[in-house]
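Worksheet: the structure to be examined is printed underneath.
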Amino acid sequence: MRQIDLIKLYSQMRCLVVDDMPDVRVAITGMLRVFGVQQVDVVANGDQAIEACLNNHYHMVLCDYNLGPGRDGQQILEELRYRNRLNNTSIFVMITAESSREMVLGALEYQPDDYVTKPITQALLRQRLDRVLLRHRELYNIKQAMDEKDYAAAEQHCAEKLSADSSYRGACLQIQAEMNLRLFNFKRAEEIYTGVLAERPLLWAKLGLGKTQVAKKEYSNAEKNLKEVIKNDRRIVEAHDLLADAYIGQGETIQAQQAMQDAAEVSPKSVMRQRRLAELSKLNEDTRACLEASRRVIKTARNSVYESPDDYFNLAGTLSELSKEGEANADKYVKETFEVLQKLEKRSYFDVGADIQSNALKSRSLKNNNKMDDAEKFLDKAKTLYKSNKDELEPEVGLNLAKTLIASGDKLAADEVLHELVERYPTNQELVDKIDSMSDTPKSKEGRKKVADMTKAGIDFYENKQYAESVETFKRAIGIFPSHVGLNLNLIQAIIAEAKNHGEKPGYETLCRTSLEKISSIAADDPQYARYSRLNKEVDELFKLNLDGLELDL
């Protein structure tokens with residue numbers, strides 16, 4: 013492209029410069045004007061940058077990474093993408109003196125168009141921006157179609173560029189494959205990736221192939237390809253994310269947790285990765301890992317668009333589990349629980365729903381630490397607030413209150429809250445599933461049928477002396493309904509039978525102890541209490557019971 017054409021491109025642009033240093037703002041503005049840009053706005057911090065982009069359309073944003081207190085450059089880019097205020101046809105250039113791996117990976121993840129390290133000269137900036145503009149102009153029609161979510165048109169534009177032997181062939185192939193993924197045309201996406209790999213072993217194509225295989229639920233093949241990507245370059249953080257997806261698809265949650273741990277180490281500033289790591293750690297009952305990840309979520313989410321009160325509740329909930337009397341540092345964890353919730357109370361989004369959950373978690377932490385009187389006071393406050401405001405509250409507030417009521421032994425009050433939620437949101441399947449999973453008996457018709465079917469399958473295996481299969485069936489059932497009394501008791505009984513016949517296996521006692529702990533709040537007048545007591549004693553005997561006469565109860 014001729015220099016005159018580039019100057020014309022610059023002259024048509026409106027640019028925003030974001031830097032906390034006045035002299036830097038002046039210098040970059042001067043350079044842009046030399047390049048031909050006529051409209052340049054400047055701001056000094058993240059809040060001003062977001063406001064400017066909400067009120068104006070910019071063709072290019074040049075943003076410093078370090079902006080002092082408040083949002084940094086990555087968080088600005090993250091929020092603009094989240095709010096759809098920086099579309100594909102706009103350009104974002106990150107400018108910073110920061111060169112740490114953590115910063116670079118975090119910023120590049122949200123796809124800035126370029127990354128320039130200070131000190132910046134006019135010649136260097138011109139060279140980098142010229143390169144960005146040339147690529148941008150060549151791919152403009154493709155990006156415009158992507159902004160309009162017309163992925164078929166974007167794919168067609170890519171095909172046309174490829175037919176015309178575009179100098180940006182690699183970028184066109186990459187976008188073309190991605191558009192086919194978004195159109196659920198997995199076969200065509202796979203053809204593109206495998207075609208590229210047949211020519212050269214490019215990691216982006218191997219990554220895309222793994223992504224396609226995850227989408228097709230070909231988890232074993234995806235695992236193989238994604239591991240190859242990571243072996244070649246472990247810094248490709250999306251490969252770790254997708255590997256976790258592949259493991260989850262195969263039911264291997266421990267390996268998925270490790271994959272997310274690796275992802276979080278590669279890109280520690282990612283709120284979503286730290287959050288997912290905390291969720292997987294909780295699922296795997298790895299309380300210590302969950303605690304550390306939950307702490308990092310709070311730290312990384314500060315000033316981020318992804319900041320959520322739920323992160324404070326999740327951390328407080330994990331801390332409350334560690335606050336149990338007799339646990340090491342229990343008093344310290346009670347103190348930290350209150351500190352976390354007090355920080356939440358100072359956030360602008362703290363409302364009555366958050367107040368209810370905060371009081372409920374304080375109550376749970378104190379109860380676990382055997383401070384019953386204080387626990388009751390906070391729980392009473394939570395119940396009163398909920399009763400007065402329940403019609404305006406999000407269902408998650410009721411769920412969290414019910415968890416505390418269950419932990420406090422007030423099963424009747426918890427059931428009342430859960431029944432109301434099912435009646436109010438009968439078509440919210442995700443909510444109903446959560447309610448069923450935390451209830452000792454499912455509240456929904458579908459949940460009760462699923463329990464009955466899985467119970468029957470487990471009993472059939474048991475009665476045919478296929479005890480290992482019975483154990484696996486009840487383990488899967490408890491994965492869906494972890495608080496169900498009957499399923500937990502059936503699992504324990506199946507484990508005892510398998511151990512008696514074929515010997516104790518690693519993890520059996522832990523499974524039994526975990527199930528007993530899950531249903532330890534069972535009331536003495538519950539029909540299942542006698543069976544619970546009997547099996548508790550049998551577990552204490554470390555599976556040394558006589559199998560004769562042992563029958564699995566419905």
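Numbering of the sequence shown is given in our numbering, commencing with residue 13 and proceeding in unit increments. We put the beta carbon where it would ideally sit given N, CA and C, even for glycine. Note that the structure is a prediction, hence the values are computed from the model and not measured.
| As assigned by DSSP and simplified to three states, the class of Gln-123 | Residue numbering aside, residue 123 sits at position 111 when the sequence shown is read from its first letter. Correct three-state label for Gln-123: coil.
| said: If I measure Cβ to Cβ from Thr-224 and keep anything under 7 Å in the same chain, skipping five residues before and after, which residues do I get? | reply: In the sequence shown, the residue the question calls residue 224 occupies position 212. Contacts found: Leu-193, Phe-198, Ala-201, Glu-202 and Tyr-205.
| message | Considering Cα atoms alone, identify which of Arg-138, Ala-109 and Phe-104 is closest to Asp-126. | response | Along the sequence shown, one-based indexing puts residue 126 at 114. Per the Cα distances, Phe-104.
| said: For a quick check, are the C-beta atoms of Thr-453 and His-496 less than 8 Å apart? | reply: By one-based count along the sequence shown, residue 453 stands at place 441. By one-based count along the sequence shown, residue 496 stands at place 484. Cβ atoms of Thr-453 and His-496: closer than 8 Å.
| query | Which residues share a DSSP beta bridge with Gln-51? | reply | Along the sequence shown, read from residue 1 onward, the residue named residue 51 stands at position 39. Beta-bridge pairing links Gln-51 to Arg-26.
| message | Please report the distance separating the alpha-carbon of Arg-83 from that of Met-158. | response | What you label residue 83 is simply residue 71 of the sequence shown in a count that begins at 1. What you label residue 158 is simply residue 146 of the sequence shown in a count that begins at 1. Between Arg-83 and Met-158, the C-alpha separation is close to 28 Å.
| field | Inside the segment 50–108 only - beta strand (DSSP E) runs reaching at least 3 residues | value | 51–55, 72–76 and 103–108
| field | Pair within 8 Å by beta-carbon distance, Lys-379 and Ser-320 | value | On the sequence shown, residue 379 is found 367 positions in, with the first residue counted as 1. On the sequence shown, residue 320 is found 308 positions in, with the first residue counted as 1. No, Cβ-Cβ distance for Lys-379 and Ser-320 is not below 8 Å.
| request: State the Cα-Cα distance for the pair Gly-561 and Lys-374, rounded to the nearest angstrom. | output: As a working mapping, residue 561 is identified with position 549 in the sequence shown. As a working mapping, residue 374 is identified with position 362 in the sequence shown. Bear in mind that a pLDDT of 43 at Gly-561, under 50, signals an unreliable position, so the model cannot answer this.
| said: With distance defined between alpha-carbon atoms, name the residue in Ile-310, Tyr-22, Ala-469 and Val-226 nearest to Gln-262. | reply: Against the sequence shown, residue 262 aligns to sequence position 250. Closest option to Gln-262, Cα to Cα, is Val-226.
| task | In the DSSP assignment, find the unbroken alpha helix (DSSP H) run with Lys-173 in it and report its ends. | result | Here residue 173 is taken as the residue at index 161 of the sequence shown, counted from 1. Note, Lys-173: alpha helix (DSSP H), 163–175.
| query | Within 10 angstroms of its Cβ, does Val-6 collect 16 or more other Cβ (buried), or is it exposed? | reply | The question about residue 6 has no answer, for the chain in this structure spans 13 to 566.
| request: Could you have a look at Thr-453 and say whether DSSP puts it in helix, strand or coil? | output: The residue given as residue 453 occupies position 441 in the sequence shown. Three-state result, Thr-453: coil.
| task | Assess, as a yes-or-no matter, whether the segment 496–510 is touched by the segment 468–486 under the definition of 3 or more beta carbon pairs within less than 8 Å. | result | yes
| Cα separation between Lys-20 and Gly-48? | In the sequence shown, the residue the question calls residue 20 occupies position 8. In the sequence shown, the residue the question calls residue 48 occupies position 36. C-alpha separation (whole angstroms): 7 Å.
| request: To the nearest angstrom, report how far apart Gly-85 and Val-241 are at their CA atoms. | output: Your numbering for residue 85 matches position 73 in the sequence shown. Your numbering for residue 241 matches position 229 in the sequence shown. Cα to Cα, Gly-85 sits roughly 28 Å from Val-241.
| task | Have a look at Leu-356 and Leu-424 and give me their C-alpha separation to the nearest angstrom. | result | The sequence position of residue 356 within the sequence shown is 344, counting from 1. The sequence position of residue 424 within the sequence shown is 412, counting from 1. Answer to the nearest angstrom: the Cα atoms are 30 Å apart.
| field | Nearest-angstrom beta carbon gap, Ser-456 and Asp-465 [assumed within contact, 8 Å] | value | Here the question's residue 465 lines up with position 453 in the sequence shown. Here the question's residue 456 lines up with position 444 in the sequence shown. Incorrect: roughly 14 Å between the Cβ atoms, too far for contact.
| Looking at Leu-254 and Leu-238, is the spacing between their C-beta atoms short of 8 Å? | Along the sequence shown, one-based indexing puts residue 238 at 226. Along the sequence shown, one-based indexing puts residue 254 at 242. Cβ distance < 8 Å, so Leu-238 and Leu-254 count as in contact.
| message | Is it buried or exposed, Asp-31, if we count other Cβ atoms within 10 angstroms and call 16 or more buried? | response | Walking along the sequence shown from the start, residue 31 turns up at place 19. So Asp-31 counts as buried.
| If you draw a straight line from the alpha carbon of Leu-66 to that of Arg-212, how long is it in whole angstroms? | Counted from its first residue, the sequence shown places residue 66 at position 54. Counted from its first residue, the sequence shown places residue 212 at position 200. Looking at the two C-alpha atoms, the distance is approximately 43 Å.
| Are the beta-carbon atoms of Leu-18 and Tyr-70 separated by less than 8 Å? | The residue you call residue 18 lines up with position 6 of the sequence shown. The residue you call residue 70 lines up with position 58 of the sequence shown. No. Outside cutoff.
| said: I need the boundaries of the alpha helix (DSSP H) containing Ala-489, first residue and last residue. | reply: Looking up residue 489 in the sequence shown gives position 477. Note, Ala-489: alpha helix (DSSP H), 479–492.
| message | Which of the three DSSP states is assigned to Leu-562 in this structure? | response | Taking the sequence shown and counting its residues from 1, one reaches residue 562 at position 550. Caution applies to Leu-562, whose pLDDT of 47 falls short of 50 and renders its modelled position unreliable; the value that the coordinates give is listed next. It is coil, neither helix nor strand.
| said: Cutting at 6 Å between CB atoms, please list the residues of its own chain near Asn-153, excluding the five before and the five after it. | reply: Along the sequence shown, read from residue 1 onward, the residue named residue 153 stands at position 141. His-169, listed in sequence order.
| Just how far apart, CA to CA, sit Arg-246 and Ile-266? | On the sequence shown, position 234 is the one that residue 246 refers to. On the sequence shown, position 254 is the one that residue 266 refers to. Approximately 19 Å between the Cα atoms of the pair.
| said: My parser needs the alpha helix (DSSP H) runs of 4 or more residues fully inside the segment 265–345; what are they? | reply: 265–278, 283–295, 299–313 and 321–333
| message | Rounding to the nearest angstrom, what Cα-Cα distance links Leu-303 and Arg-287 in this structure? | response | If you number the sequence shown from 1, residue 303 lands on position 291. If you number the sequence shown from 1, residue 287 lands on position 275. Going by the C-alpha atoms only, they are around 11 Å apart.
| query | In terms of alpha-carbon separation, which member of Gln-24, Tyr-77, Ile-507 and Ala-234 lies closest to Val-36? | reply | By 1-based counting over the sequence shown, the position of residue 36 is 24. Among Gln-24, Tyr-77, Ile-507 and Ala-234, the Cα nearest to that of Val-36 is on Tyr-77.
| request: Please confirm if the segment 270–279 is in contact with the segment 467–486, defined as three or more CB-CB distances below 8 Å between the two stretches. | output: no
| Hey, quick one: how far does the alpha helix (DSSP H) through Ala-210 stretch, first residue to last? | One-based indexing of the sequence shown puts residue 210 at position 198. Start and end: 198–211.
| query | Can you give the Cα-Cα distance for Glu-475 and Glu-333, rounded to whole angstroms? | reply | As a first step, residue 475 must be located in the sequence shown, where it is residue number 463. As a first step, residue 333 must be located in the sequence shown, where it is residue number 321. Going by the C-alpha atoms only, they are around 37 Å apart.
| request: Give the DSSP-derived three-state secondary structure of Thr-133 in the structure shown. | output: Along the sequence shown, read from residue 1 onward, the residue named residue 133 stands at position 121. Thr-133 falls in the coil class under three-state DSSP.
| message | I'd like to check one pair, Val-409 with Ile-611: are the Cβ atoms closer than 8 Å? | response | Because the chain here runs from 13 to 566, residue 611 falls outside it and cannot be looked at.
| message | Check this for me: beta carbons of Tyr-479 and Glu-516, under 8 Å apart or not? | response | Taking the sequence shown and counting its residues from 1, the one referred to as residue 479 is at position 467. Taking the sequence shown and counting its residues from 1, the one referred to as residue 516 is at position 504. It is not a contact, given that the beta carbons lie outside the stated cut-off.
| said: Considering only the alpha carbon of each residue, which of Ser-377, Asn-382, Arg-314 and Glu-264 lies closest to Lys-358? | reply: As a working mapping, residue 358 is identified with position 346 in the sequence shown. Of Ser-377, Asn-382, Arg-314 and Glu-264, the residue nearest in Cα terms is Arg-314.
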